[in-house]
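*Asks:*
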Amino acid sequence: MHPGIIFLGVVVGSVLFHIYTPWWWTDIASNWGAMDDTINLTFWIGGGVFILVCLFMVYCVFKFSYKEGRKVEYKPEDHKLEKILTIATTVGVIALLAPGLIVYNNYINTPKNALQVEVNAWQWGWQYRLPGEDGILGTAQVAKISDNNPFGINLDDPNGKDDILIEDDVLHLKTNRPVKILLRSLDVLHNYYVPQFRAKMDAIPGIITYYWFEPNKIGEYEVLCAEYCGVGHYAMRAKVIVESEYNYKSWINEQETFSDLIAKQENNKLKKILIVKNND
Amino acid sequence: MSDEYNQKNAPLEAQSSDTISGTSGTPSKDIDYVRPAELPEQDLYHGHSFITKWIFCQDAKIIGVQYFLTAVFTGIVGLVLSWLMRLQLGYPDLVPFITAEHYYQFVTMHGMIMVVYFLTALFLGGFGNYLIPLMVGARDMVFPYVNMVSFWMFFIAVCVLMASFFVPGGPTGAGWTLYPPQAILPGTPGSNMGIILMLVSLSLFVIGFTMGGLNYIITILQARTRGMTLMRMPLTIWGIFTATALAMLAFPALLVSCIMMTLDKMLETSFFMPTIVQAGEVLDYGGGSPVLFQHLFWFFGHPEVYIVALPAFGIVSDLISVHARKNIFGYRMMVWAIVGIGGLSFFVWAHHMYVSGMNPWFGFFFATTTLIIAVPTALKVYNWIITLFRANIRMNTVMLFCLGFIVTFVNGGITGIFLGNVAVDIPLSDTYFVIAHFHMVMGIAPLMVIMGAVYHWFPLVTGRMLSEKLGKWHFWFTFLGAYSIYFPMHYLGFIGVPRRYFEMYDSPYVASATGLNEFITLAALIVGFSQLIFIYNIVSSLSIGKPAGKNPWKANSLEWLTPEVPPAHGNWGEKLPVIHRWPYDFNVPGAKEDYITQTTPPSEVISAEVEKT
Amino acid sequence: MDEIQNKEQSTSTHKIGIYLWIWGLLFVLSFFSYMVDWFAFQGFLRWTLILIFMFLKAGLIMAFFMHLYWERYALVNVLLWPMTAIAGFIILMAAEAKYTVFTRLLYFFIGG
Amino acid sequence: MSDNSLNNLPGGFKGMSHDMGSDQTAFKGVQWGKVMMWIFLLSDTFIFSCFLISYMKGRTSTVVDWPNTSEVFSLHVGGVPVPLLLIAIMTFVLITSSGTMALAVKYGYEKNRKMCGWLILATAIGGLTFVGMQVFEWSKLIHEGVRPWENPFGAKQFGSFFFMITGFHGTHVSIGVIFLFIYARKVFRGDFDNGKRGFFTTMKSDYVAIEILGLYWHFVDLVWVFIFAFFYLW
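Taken in order, these protein sequences are the chains called X, G, F and B. FYI, the working numbering numbers position 115 of the first sequence as 115, with every residue one higher than the one before it. FYI, the working numbering numbers position 611 of the second sequence as 611, with every residue one higher than the one before it. FYI, the working numbering numbers position 42 of the third sequence as 42, with every residue one higher than the one before it. FYI, the working numbering numbers position 208 of the fourth sequence as 208, with every residue one higher than the one before it.
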């Protein structure tokens, strides 16, 4: 069999695999359809180039296999051809780059009405902090984290008092409202990644990173850690529940604020003192 | 590239004696004239005992073989590690001793071994040492002693690396990128002795490589033979040269990050370590920046990709040209593309860090520079396939590997455009798409070239041909197998499967890929085992292979034109060769044979219409 | 080789005066940059002066003590062009550092 | 025979394109060893640049105050603190040694064995003085409680970067001093006049080795210029 046939088979096989593949994107559940579009665009242009190059190669292999005394072209350079190819490639690259940059510009500019959610990541788990009624998260430092202050909120920051603390790995979000995810890591790198939302960003100890998306499909989504963070990396999962405004409200009203937590701890302390006293 | 051209049109070219000698402008009549030697003959060291001849040897050819064998040995270790990883991914629980700790150690060691200790050492240390002096017409590397030390430094680095398998806690499991803080914190396997040995080994590698790199660069720049201008060097040499230059400038960043991380680990400095709360305790670190490490690492890491790729580009150009019996198309453009890619590669590093939390505005800059680099790369691909057009292609094993390279490289290059474009990268980064991409483009594609190069140059090194029949089987197993590992793997990335997962659990979309994972594992095992054909071919051909004779491929370049095959110490016997043309004069109209070697003077092929290029 | 020829030294010897001159200049420049600290200049002025004296000193050492001024341009260019990579690295890392300190101050201390 | 004479080659950028387009050597008239040292120094430049860039990043992005280097590195002369006094002296010592080295190279090429040897020795002593003062500076800082992992005056990174960068530079100086002594001995012994073969490399000695050594030594000085500006004056 002529090797060209096998190479042809590889190209055709790749195309067929692409057409019939059962493995494809999860259904998108956020506003980042534009990312899928840019992937598609890259796919068509890039895939086209791949097919053309490979077919041309296969053609050459068939047409110009070794034959004693075959007339071979001797043409070291062809400036016109090279120029055309350079320009065509440049145009193709610009066509790919420009939309990408536009989408990226949206990605780093968070809309004003975005709901802030701080994600705390550690080896190996997640918890969340939402701003209270003032809509502002209090400042926090990981060094201040203690049993009484699980998020390390600065006690002298008034914005932090009404922050809603969720010491659980299930996050609820409401549909059609942009969310700005602020990532804070306690120890090593992590990455809060929901495939259906497309967006992702690393959590880095020492700084706060962010990204945003707008969930637009009600449902439950699995969160995967997408930056290697030690032996528990693969097991570092969480859950996001996207729900209607009504359900979200009832969920959030059940959650505890930072001042609730402080009050409860004071109570406990008092109780303990009382118990101790009573026992005396 | 021809003398006729230089004589007539380029007053400043080396061959026109009049301008240089200042002998009053009368053009030289002798068309075979080549400028006299600038430098005296190289003073060579001749080993006499077994030890100075074969072990602490100062002959670049032997050092090249030493590098090659050591690199291949580590490569085989890396291959076995990859099997273990694939077994876990395809058939979890099948091999009981693969725990999550071990899995991550395998991932790390596999990555580091393959990128640094296998590919870099093989291309630059192995092929570089063997081919540079031969192809530029030098007697040896310019500093043979330093070259010898370079190899032994590399050898020690490999030993230290291998030692980390046997220390308490095992080798590091930090991922080949060794990102702090996790690389040096408990919670990552091998975060004590493992990571320290890794950092020490890398530092030794850098030091050793610097010694070798100085040799490669200076031999190419300052020790060429008469008539060998830069623009007459085979592209192999251009690729190795540019890659070495990149290495000389990129490895410092690795060395610096290794030193700083070692200090972070051993002295508890806080270069890369911010305030960290681990297991409820605030550690003694504070104020450092993990992202700084990533910048330093990728300032090394991205040029490193080209350190592996550029020699492959160069070598494959030569192989294609020789076996298609046609000049390489657009030689000048190929050279400028290699140099341009090399230069640009220092301005694209942070495309590995789009989702790393760096300054978000960097995305624009790095996406743009990254896609600019796609242009010269694409041009190289065009030139390779245009070289095949209207050629006379020998369909032997070497050519098959070249074709395999083109397919895998184009595939991997195009997925590179996905990942270089920042908005497209965001959903795909840290998924299996990335793994598939870089294995295709800097794993399989360079491997194809390495194997093609072994089939091509084995006759030169040993004087015997490899078996074509076995070679073809080896090629098809390797190429089809590897392609079917990595092509479908991109689709795992589309689903969103993150990389470095020890186990997938039961996420519905991830679970749908179980069958695919099993298939990939099987393919990986087959590809791995099919390398036994290759090894058998090499070992058996050493004794029963067909004697090659001189220049079995009818190539033009200098390495085939030594008085003895395999070339002896000092390479050229009595007299250094004199070069009259570029190495790609195949099928020149009017010439009797279908090739004109570089040493053929114009007067001997007076009827050939050698063209200006 | 029939036509071997002894090379001339491009960098062989220069008049002693030039070394002494450069030597003197280096002392003076070092003294100036020390004075920048002595007089405690601050802000833009300090930085300009520091950088000017630094580059002048570095330039003099490279050009005359290391003989780069007398070397052929091929070598000089090969040595100086890679500095663009460093320049790019410096600029980008300066931007990165500013961004890091910005997020730290914003989210750890100032808030809002 | 004059084909290879450097004087007949074009200069400037024209010369560059000529050299690059010519055969045999790209750097006309530059010995292998000298090119090696230059390329090595280029690589070393990248090492020091990476250190200094990391230092810039670390210093800019820490939210803890950076110590005032004028005060930390001041010496008390008669009870009055003089800022950066020791550092200034170190700078002058290093520049002095650089000057003697430059002259040593000159006399080496003139085959003035005595002069060359003494100047190299002077350079080595200058380098030794520098290292000695650095030891003093280190011990002073350590005495005041500065450690690689902590710093009583402010940001932790101050100590780490200080010891790492000056340590790395000091290592370069020390290596240079060792080589200076070795080469001074070689010069006095006359190795470069009679082309004695090297013990390890078995290659013939030549006065160009002095220039190569000089390049290294000037580079060490060059790096100090940058460290002085960025670490002490910033």
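Virtual Cβ for every residue (Gly too), placed ideally from N, Cα, C.
Does the region 234-251 of chain G come close enough to the region 139-152 of chain G to have 3 or more Cβ pairs within less than 8 Å?
*Replies:* no
*Asks:* Output yes or no for whether 9 Å exceeds the beta carbon distance between G:MET261 and G:ALA183.
*Replies:* yes
*Asks:* Starting from X:ALA238, trace the alpha helix (DSSP H) both ways and give me its first and last residue.
*Replies:* No alpha helix (DSSP H) contains X:ALA238, which is instead part of the beta strand (DSSP E) from 237-243.
*Asks:* Note down, in chain order, each residue of its chain lying with its Cβ closer than 6 Å to the Cβ of B:PHE188, except the 5 sequence neighbours on either side.
*Replies:* Leaving aside the five residues that flank B:PHE188 on each side, the residues in its chain whose CB is nearer than 6 Å to its CB run, in chain order, GLY117.
*Asks:* Decide if the region 438-451 of chain G is in contact with the region 49-57 of chain X; the criterion is three or more beta carbon pairs, one per stretch, under 8 Å apart.
*Replies:* no
*Asks:* Is G:GLY213 near G:PHE151, with beta carbons less than 9 Å apart?
*Replies:* no
*Asks:* For X:VAL194 and X:TRP251, I'd like the C-alpha separation in whole angstroms.
*Replies:* 21 Å
*Asks:* Report, in whole angstroms, the separation of the C-beta atoms of G:GLY126 and G:ALA71, which I expect to be a contact under 8 Å.
*Replies:* 6 Å
*Asks:* Please tell me whether X:ASN159 has its Cβ less than 9 Å away from any Cβ of chain F.
*Replies:* It does; some Cβ of chain F falls within 9 Å.
*Asks:* Give a yes or no on contact between the region 93-107 of chain B and the region 210-225 of chain B, applying the rule of three or more CB pairs nearer than 8 Å.
*Replies:* With the cut-off at 8 Å, the region 93-107 of chain B and the region 210-225 of chain B touch.
*Asks:* X:PRO215 to X:ALA29, Cα distance in whole Å?
*Replies:* 6 Å
*Asks:* Tell me whether G:LYS592 sits in a helix, a strand or coil according to DSSP, three-state version.
*Replies:* Assignment of G:LYS592 by DSSP, reduced to helix, strand and coil, places it in the coil class.
*Asks:* Report back the beta-carbon spacing between G:ILE579 and G:ARG226 to the nearest angstrom; my notes put them in contact at under 8 Å.
*Replies:* 7 Å
*Asks:* Are the CB atoms of G:VAL277 and F:THR100 within a distance shorter than 9 Å?
*Replies:* No, the pair does not count as a contact, with Cβ atoms beyond the cut-off.
*Asks:* For B:SER61 and F:LEU92, what's the separation of their Cα atoms in angstroms?
*Replies:* 14 Å
*Asks:* Among G:ILE196, G:CYS159, G:PRO181 and G:PHE155, which has the Cα closest to the Cα of G:GLY169?
*Replies:* G:ILE196
*Asks:* With DSSP collapsed to three states, give me the class of G:THR229.
*Replies:* strand
*Asks:* State the start and end residues of the unbroken alpha helix (DSSP H) segment that holds F:GLN42.
*Replies:* Counting along the chain, F:GLN42 falls outside any alpha helix (DSSP H), and DSSP gives it neither H nor E.
*Asks:* Note down, in chain order, every chain B residue with its Cβ under 7 Å from the Cβ of F:TRP23.
*Replies:* GLY99
*Asks:* In three-state DSSP terms, what is G:PRO498?
*Replies:* DSSP places G:PRO498 within a strand segment (E or B) once states are collapsed to three.
*Asks:* Does chain X have any CB closer than 9 Å to the CB of G:TYR306?
*Replies:* no
*Asks:* Beta-carbon within less than 6 Å of G:HIS569's beta-carbon, same chain only, minus the 5 sequence neighbours each way: which residues are those?
*Replies:* Counting only residues of its own chain and dropping the five nearest sequence neighbours on each side, G:HIS569 has a CB closer than 6 Å to the CB of ASP59.
*Asks:* Should the region 385-405 of chain G be called in touch with the region 317-326 of chain G, which here means at least 3 C-beta pairs below 8 Å?
*Replies:* Verdict: yes, contact present.
*Asks:* For G:PRO27, count the other beta carbons within 10 Å of its own beta carbon; 16 or more makes it buried, fewer makes it exposed. Which is it?
*Replies:* Residue placement at G:PRO27 is poorly supported in this model, since its pLDDT is 49, which falls under 50; the coordinates are not used for a value here.
*Asks:* So F:VAL101 contacts chain B; which residues on that side make the cut at Cβ distance below 9 Å?
*Replies:* THR60, SER61, THR62 and VAL63
*Asks:* Would you say F:LEU20 lies against chain G (beta-carbon separation less than 9 Å)?
*Replies:* Not flagged as an interface residue toward chain G: F:LEU20, since no C-beta distance is shorter than 9 Å.
*Asks:* Go through the region 318-385 of chain G residue by residue and report every complete run of the beta strand (DSSP E) that reaches 3 residues or more, in order.
*Replies:* none
*Asks:* F:PHE55 and F:VAL36: beta carbons closer than 9 Å?
*Replies:* no
*Asks:* Bridge partners of X:SER185, per DSSP?
*Replies:* X:ALA121
*Asks:* Does G:GLN182 have its Cβ less than 9 Å from a Cβ in chain X?
*Replies:* yes
*Asks:* Does the distance from the CB of B:GLY99 to the CB of F:TYR19 come in under 9 Å?
*Replies:* For B:GLY99 and F:TYR19, yes; Cβs fall inside 9 Å.
*Asks:* Can you pull the chain X residues whose beta carbon is under 9 Å from the beta carbon of G:ARG581, in chain order?
*Replies:* In chain order: nothing, as chain X lies at least about 11 Å away.
*Asks:* In or out: G:HIS46 buried (at least 16 other Cβ within 10 Å) or exposed?
*Replies:* Burial check for G:HIS46: the Cβ neighbour count within 10 Å stays below 16, so the residue is exposed.
*Asks:* Give the residues from the region 54-78 of chain F that approach chain X closer than 7 Å (Cβ to any Cβ), ordered along the chain.
*Replies:* none
*Asks:* Which of the three DSSP states, helix, strand or coil, is assigned to X:TRP126?
*Replies:* strand
*Asks:* Considering only their Cβ atoms, is the gap separating X:LEU186 from X:TYR128 smaller than 9 Å?
*Replies:* Cβ distance not < 9 Å, so X:TYR128 and X:LEU186 don't count as in contact.
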